[in-house]
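Asks: Same order as they appear, the protein sequences are chains G and A.
9 is the number that UniProt numbering gives to position 9 of the first sequence; each next residue is one higher, with no gaps.
210 is the number that UniProt numbering gives to position 210 of the second sequence; each next residue is one higher, with no gaps.
Glycine residues also receive a C-beta, built at the ideal position from the N, C-alpha and C atoms.
Please read these numbers as outputs of a predicted model, since none were measured by experiment.
Protein chains: 2
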Amino acid sequence: MASPALRADLGRIVGDEHVLDPVPRELLQDATESRGLTGRALAAVRPADAEEVAAVVRWAARTGTALVPRGGGTGFSGGAVPGAAPDDPDAVVLATDRLTRGATIRPEDWSATFPAGTVTADLQRRCLEAGLFFAPNPGSAESSLLGGNVATNAGGPRSFKHGPVRAWVSGVEAVLGDGERVRLGGAVRKNVETLDLLGLLCGSEGTLGVLTEVTLKLQPAPEVALPTIALYADREAGLAAIAAVLACGVVPTALEFLDGTTLAASAGAFPGGLPEGAGFAVLVEALGPAAVAPLEARELATALAPDALAVRAPTERAAVDALWRWRDGVSIAVTAARGGKLSEDLVVPASRLGDALAAVEEVGARHGVPVTSWGHAGDGNLHATVLVDRDDAAELARAEQAAHAMLEIAHRLGGALTGEHGIGLVKREAAAALDPTLRRAQRAVKDVLDPAGIMNPGRKL
Amino acid sequence: MASPALRADLGRIVGDEHVLDPVPRELLQDATESRGLTGRALAAVRPADAEEVAAVVRWAARTGTALVPRGGGTGFSGGAVPGAAPDDPDAVVLATDRLTRGATIRPEDWSATFPAGTVTADLQRRCLEAGLFFAPNPGSAESSLLGGNVATNAGGPRSFKHGPVRAWVSGVEAVLGDGERVRLGGAVRKNVETLDLLGLLCGSEGTLGVLTEVTLKLQPAPEVALPTIALYADREAGLAAIAAVLACGVVPTALEFLDGTTLAASAGAFPGGLPEGAGFAVLVEALGPAAVAPLEARELATALAPDALAVRAPTERAAVDALWRWRDGVSIAVTAARGGKLSEDLVVPASRLGDALAAVEEVGARHGVPVTSWGHAGDGNLHATVLVDRDDAAELARAEQAAHAMLEIAHRLGGALTGEHGIGLVKREAAAALDPTLRRAQRAVKDVLDPAGIMNPGRKL
Chain G
1 MASPALRADL
11 GRIVGDEHVL
21 DPVPRELLQD
31 ATESRGLTGR
41 ALAAVRPADA
51 EEVAAVVRWA
61 ARTGTALVPR
71 GGGTGFSGGA
81 VPGAAPDDPD
91 AVVLATDRLT
101 RGATIRPEDW
111 SATFPAGTVT
121 ADLQRRCLEA
131 GLFFAPNPGS
141 AESSLLGGNV
151 ATNAGGPRSF
161 KHGPVRAWVS
171 GVEAVLGDGE
181 RVRLGGAVRK
191 NVETLDLLGL
201 LCGSEGTLGV
211 LTEVTLKLQP
221 APEVALPTIA
231 LYADREAGLA
241 AIAAVLACGV
251 VPTALEFLDG
261 TTLAASAGAF
271 PGGLPEGAGF
281 AVLVEALGPA
291 AVAPLEAREL
301 ATALAPDALA
311 VRAPTERAAV
321 DALWRWRDGV
331 SIAVTAARGG
341 KLSEDLVVPA
351 SRLGDALAAV
361 EEVGARHGVP
371 VTSWGHAGDG
381 NLHATVLVDR
391 DDAAELARAE
401 QAAHAMLEIA
411 HRLGGALTGE
421 HGIGLVKREA
431 AAALDPTLRR
441 AQRAVKDVLD
451 PAGIMNPGRK
461 L
Chain A
1 MASPALRADL
11 GRIVGDEHVL
21 DPVPRELLQD
31 ATESRGLTGR
41 ALAAVRPADA
51 EEVAAVVRWA
61 ARTGTALVPR
71 GGGTGFSGGA
81 VPGAAPDDPD
91 AVVLATDRLT
101 RGATIRPEDW
111 SATFPAGTVT
121 ADLQRRCLEA
131 GLFFAPNPGS
141 AESSLLGGNV
151 ATNAGGPRSF
161 KHGPVRAWVS
171 GVEAVLGDGE
181 RVRLGGAVRK
191 NVETLDLLGL
201 LCGSEGTLGV
211 LTEVTLKLQP
221 APEVALPTIA
231 LYADREAGLA
241 AIAAVLACGV
251 VPTALEFLDG
261 TTLAASAGAF
271 PGGLPEGAGF
281 AVLVEALGPA
291 AVAPLEAREL
301 ATALAPDALA
311 VRAPTERAAV
321 DALWRWRDGV
331 SIAVTAARGG
341 KLSEDLVVPA
351 SRLGDALAAV
361 EEVGARHGVP
371 VTSWGHAGDG
381 NLHATVLVDR
391 DDAAELARAE
401 QAAHAMLEIA
411 HRLGGALTGE
421 HGIGLVKREA
431 AAALDPTLRR
441 AQRAVKDVLD
451 PAGIMNPGRK
461 L
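(1) I believe E344 of chain A touches V369 of chain A by the beta-carbon criterion, under 8 Å. Please report the beta-carbon distance rounded to the nearest angstrom.
(2) Name the residues in the stretch 333-366 of chain G whose C-beta lies less than 7 Å from a C-beta of chain A; which are they?
(3) For the candidate residues A:L461, A:D97, A:A290 and A:A452, whose alpha-carbon lies nearest to that of residue 470 of chain A?
(4) So if I threshold CB-CB distances at 9 Å, which residues from the stretch 224-250 of chain A count as touching chain G?
(5) Indicate whether the contact test is met: 3 or more Cβ pairs, each with one atom in the stretch 152-170 of chain A and one in the stretch 251-261 of chain A, closer than 8 Å.
(6) In the DSSP output, which residue or residues are listed as bridge partners for S140 of chain A?
(7) Say whether chain A places a C-beta atom closer than 9 Å to the C-beta of T385 of chain G.
(8) Using CA atoms only, rank isn't needed, just tell me which of G:P136, G:L42 and G:E400 is closest to D90 of chain G.
(9) Determine the chain A residues that contact R70 of chain G at a beta-carbon separation under 9 Å, and present them in chain order.
(10) I need the DSSP call for G354 of chain A, collapsed to helix, strand or coil.
(11) For K446 of chain G, report the span of its alpha helix (DSSP H) as first-last.
(12) Hey, L123 of chain A and A151 of chain A: beta-carbon distance below 9 Å or not?
(13) Can you grab the Cα-Cα spacing for the pair A310 of chain G / A116 of chain A, in whole Å?
(14) When you compare only the Cα positions, how much space is there between T38 of chain G and V175 of chain G?
(15) List the residues of chain G that S111 of chain A touches, going by C-beta distances under 8 Å, in chain order.
(16) When DSSP labels each residue in this structure, what does L145 of chain G get in the three-state scheme?
(17) Find the nearest neighbour of L236 of chain G within the set G:R298, G:D307 and G:P271, judged by alpha-carbon distance.
(18) In this structure, does DSSP put W326 of chain G in helix, strand or coil?
(19) Kindly indicate which residue of A:G36, A:T32, A:R35 and A:W59 has the alpha-carbon position closest to the one of V45 of chain A.
(20) Going by beta carbon distance, what residues of the same chain come within less than 7 Å of A452 of chain G, once the five residues before and after it are set aside?
(21) Comparing alpha-carbon positions, which option in G:F270, G:A290 and G:G288 lies nearest A281 of chain G?
(22) Give me the chain G residues within the contact set of S34 of chain A, using Cβ-Cβ distance strictly less than 8 Å, ordered along the chain.
(23) Within 10 angstroms of the Cβ of P136 of chain A, are there 16 or more other Cβ atoms? Answer buried if so, exposed if not.
(24) Touching or not, the stretch 290-305 of chain A and the stretch 328-344 of chain A, by the rule of three or more beta carbon pairs under 8 Å?
(25) Give a yes or no on whether 9 Å exceeds the smallest Cβ distance from D196 of chain A to chain G.
(26) Could you tell me the boundaries of the alpha helix (DSSP H) in which V245 of chain G lies?
(27) Provide the residue span of the alpha helix (DSSP H) that contains E429 of chain A, from first to last.
(28) In chain G, which residues lie with their C-beta within 7 Å of the C-beta of I454 of chain A?
(29) Let's see if you can read the secondary structure: which residues bound the alpha helix (DSSP H) around L294 of chain A?
(30) In terms of residue numbering, what span does the beta strand (DSSP E) encompassing H376 of chain A cover?
(31) Could one say the Cβ of C202 of chain G lies closer than 9 Å to chain A's Cβ atoms, at least one of them?
(32) Would you grab the beta carbon distance between L300 of chain G and V320 of chain G for me? Rounded to a whole angstrom, and I think it's under 8 Å.
(33) By a C-beta neighbour count over all protein chains shown, 10 Å radius and 16 as the cutoff for buried, is G79 of chain A buried or exposed?
(34) Can you list, in chain order, the stretches of the alpha helix (DSSP H) that have 4 or more residues and sit fully within the stretch 163-199 of chain A?
(35) Taking only three categories from DSSP, how would you classify I13 of chain A?
(36) Would you kindly work out how many angstroms separate the C-alpha atoms of W110 of chain G and L218 of chain G, rounded to a whole number?
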């Protein structure tokens, strides 16, 4: 609960009707709600534009109030869940969902500028209508916001060929932690005019400032999208297929995998039904002009074919969409299997994916919890997941231990703790083991851009 | 000249034979030598490994001595030319050319780690031998060093599809300005474990620290490289072809242009001779597996064909190599036209390339100096160039004025001062006009990573 003075301060900036107190429950959680995480906050504030964002940040810096910037609340790491840790300060949620005015789409420049509160799927549709394509397709596209995608440097299936969201951002407008508005980059595809402060904000999880506007560099809308999914009896066969795809010369937009447990959890929605004995799946996509993509799809299918139980390569739009709908629903299907899940997003060098999958299973067995993995094979990025009954406190505790043990796998195999979800709250213990020099340097950078220490304290760093 | 004490200090760290005093002339210049820039330094020091680099940096921080890190000295902005400005402090050149030990190539991970002193062409060859491909091909590949490529975030023709060098770097080892060694990232393709300090070092032009080792993410070696060059009567026809290529759906690895003056300057080496009346050229490349690249080349040629005087699409290796050799030699040919040149690398939004070219010509006419442009059309990145007689001081002064006027074009058209060469020394006046909040933020970041202010002072920021 906010004090009357705090409510009045914020109301003067954004209007009383845009100060929410008490804070609606949906602004106090993200996808970690399925592992039992919920937060608390003094109030939530919904500024209408960059000027109001700056005023809120200046107010917070002056009063020493913690701010938690928030997009669609679809994160997997508790980065935008305020007050969820015992040592979290009382915070105000800065919701960016009203930052929706003033999009500019410039087909002649293969560029578009959207306010940070734009829903991902909305900007994807608007780009396509203008003949433009924003390739990254992070999960939860219908509810995640652009600002959150950039602030977490989100990934997704198509990041294999096209890179994470960062690779598509040529400019941002932001409010830094001292309340100053700054414009970084612009509608150009190459730019070494300054230190890469733009890249520094991408993936900073709200710890340096608040993004208010994003300029994207875009490509021509593809004429066809041709996914191919191959099913294998076991992991070994699947891993061999992944290696063959990586070596075939055609770079697919996506190179995904799903293990047997994930396949089983999502089998009901698998188009045409899963073939008998399927214990591993590899999904690729060729995307682009009609004169080229089918040939790429053929090369990819050739790489996938040896040892496959079945190879399905839909070409009709409805069948293609059905396959992706199934893939997009995997995370939810896995959650539904036992009511909850703890899902990590370890990343390992390409050749260590098999070792990582084996290590995840070993961790599950050791802690007595069911585990499964799926994810972005081409990036060595696995969603190592513990399935939990959220109402069983003892199991939830074991699951948390297992999830932490999984994080250790990443560094043991020469990888990283997180490829796309971020550190947030749930990985910060593991992140505390990173190189002290590196941690000191990033703390020093944080301190100069957020001198009052108000921006999402206790997250990321 | 260094004092005996300074020579002795450095000699104790790297061995007396690796302290150069007087400093050889080739360590006091870069490609800006063709616009009359040369420097001076107390001494040059050539550390053998990261440990010695760290010791040199600690010595410099302790004694308050400016350090100028240096790769192959092929830059176009005076970033590694010590003491060339009147207000430059006395400096020691930190040459990285002995950092050549300990490369690791990991084909199974599509990754390789090279020391920062590796020659670009050498690492390209070694990757290819292992079936791996490092796509960025900055100019001067036979003399530029990997560390310099990363420190400037170099571009080049293939950056259109494949991004600048930054896009290929997954990890670095560096010595920060306080002498601390730090490892950022690793052999993984996605990583949001920390703030993007890795990106911050890329393109920082030696102002934050010294890179000692770089880990690259690589792709399968392409089976074929198929360039196509189309020649047009004039700029308008060429610009229409560029727009058609951008819209055709196939993303070429390179999308280059050359104007009439550049074509004329390099006509002697043009394979098969330039067709009569050629006043503008557009060069594209399809690169990849033999099953796909020829189709991409056909699509690209179709986009280029309308209004072309001639379209040449060599397929034999020798002819392909000859065309690229000609392209690689363009910068030298343009320099040779009058003995010297001042070459910028403005970047503008795609639709403003024609406006930029016209503005460059207007600037040349206004200052009474011959100008020409060529560059990376797909990136809106033009090498706007003044041709000069280096021995004519009055002309050189007019040329400097014209070059500065060209930089103003970039911001007027919504672009940036530099797409790949960096700010260095020659663009720092223009960079002083950047947004004050941005400049304050980057200065603050510089100050915490280089607290003694010894790293390449007076450059970039």
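Replies: Taking the geometry as given:
(1) 13 Å between Cβ atoms; not a contact.
(2) For the stretch 333-366 of chain G, the beta-carbon criterion of a distance under 7 Å to any beta-carbon of chain A is satisfied by V347, V348, P349, A350 and S351.
(3) The shown model of chain A, from 1 to 461, leaves out residue 470 of chain A, and the question about it has no answer.
(4) For the stretch 224-250 of chain A, the beta-carbon criterion of a distance under 9 Å to any beta-carbon of chain G is satisfied by A243, L246, A247, C248, G249 and V250.
(5) Short answer: they touch.
(6) Residue pairing by DSSP places S140 of chain A opposite no residue, since no beta bridge is assigned to it.
(7) So, not an interface residue.
(8) Scanning G:P136, G:L42 and G:E400 for the CA closest to the CA of D90 of chain G turns up G:L42.
(9) Correct list: empty, because the minimum Cβ distance to chain A is about 18 Å.
(10) Helix.
(11) Where K446 of chain G is concerned, the enclosing alpha helix (DSSP H) stretches over P436 to L449.
(12) Not closer than 9 Å, so no.
(13) Taking the straight line joining both Cα atoms gives about 46 Å.
(14) Between the alpha carbons of T38 of chain G and V175 of chain G lies a distance of about 27 Å.
(15) Listed along the chain, the chain G residues whose CB falls inside 8 Å of the CB of S111 of chain A are P349 and A350.
(16) In the structure shown, L145 of chain G sits in a strand (DSSP, three-state: E or B).
(17) The sequence as given places Glu at residue 236 of chain G; Leu does not occur at that position. Looking at the Cα atoms, G:D307 is the closest of the given residues.
(18) Three-state DSSP puts W326 of chain G in a helix.
(19) Of the candidates A:G36, A:T32, A:R35 and A:W59, the one whose C-alpha sits nearest the C-alpha of V45 of chain A is A:W59.
(20) Cβ neighbours of A452 of chain G beyond the five flanking positions: A61, G64 and G177.
(21) It is G:F270 whose Cα lies nearest to the Cα of A281 of chain G.
(22) The CB of S34 of chain A never comes closer than 8 Å to any CB in chain G; the least such distance is about 21 Å.
(23) It counts as buried.
(24) Segments in contact, no.
(25) Interface residue, yes.
(26) Counting along the chain, the unbroken alpha helix (DSSP H) around V245 of chain G starts and ends at R235 to A247.
(27) From DSSP, the alpha helix (DSSP H) with E429 of chain A extends over R428 to A431.
(28) Among the residues of chain G, none has a CB under 7 Å from the CB of I454 of chain A; the nearest is roughly 16 Å distant.
(29) In the sequence as presented, Leu is not what sits at residue 294 of chain A; that position holds Pro. Where P294 of chain A is concerned, the enclosing alpha helix (DSSP H) starts and stops at A293 to L304.
(30) Boundaries of the beta strand (DSSP E) harbouring H376 of chain A: V371 to H376, taken from the DSSP string.
(31) At least one chain A Cβ lies under 9 Å of C202 of chain G.
(32) Actually they do not touch by this definition, with Cβ atoms about 14 Å apart.
(33) By the 10 Å Cβ count, G79 of chain A comes out buried.
(34) Qualifying alpha helix (DSSP H) stretches: none in this window.
(35) Three-state DSSP puts I13 of chain A in a helix.
(36) Roughly 5 Å separates the two Cα atoms.
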